[in-house]
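To start, the structure itself, in structure tokens.
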């Protein structure tokens, strides 16, 4: 998501869509350092989503148990 849509403040409005017609095998239009930044941002997004989901489930545990 970070690589494809680039909507992360630390990276900015850059987008690197997956292209089948890439110029060579294993080639990418960004550096390894930039790849590490994108990986870090993806991990941050997943961690935030996990915490938000866990919080919602805990706050609504009684409702969840009612419907289960």
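In our numbering, the protein residues as written are 231 to 298.
Just so it is clear, CB atoms sit at the ideal spot from N, CA and C, and this is done for glycine as well.
It should be emphasised that the depicted structure is a prediction, and the values quoted were computed from it without experimental measurement.
Contact check, residue i vs residue j, beta carbons under 9 Å
| i | j | result |
| --- | --- | --- |
| residue 271 | residue 245 | no |
| residue 265 | residue 258 | yes |
Counterpart residues of residue i in DSSP-defined beta bridges
| i | result |
| --- | --- |
| residue 226 | What the structure shows of the chain is the stretch from 231 to 298, and residue 226 is not part of that stretch, so it cannot be assessed. |
Jot down the residue ranges of each uninterrupted alpha helix (DSSP H) in the segment 241 to 283, minimum 4 residues, whole runs only, in chain order.
none
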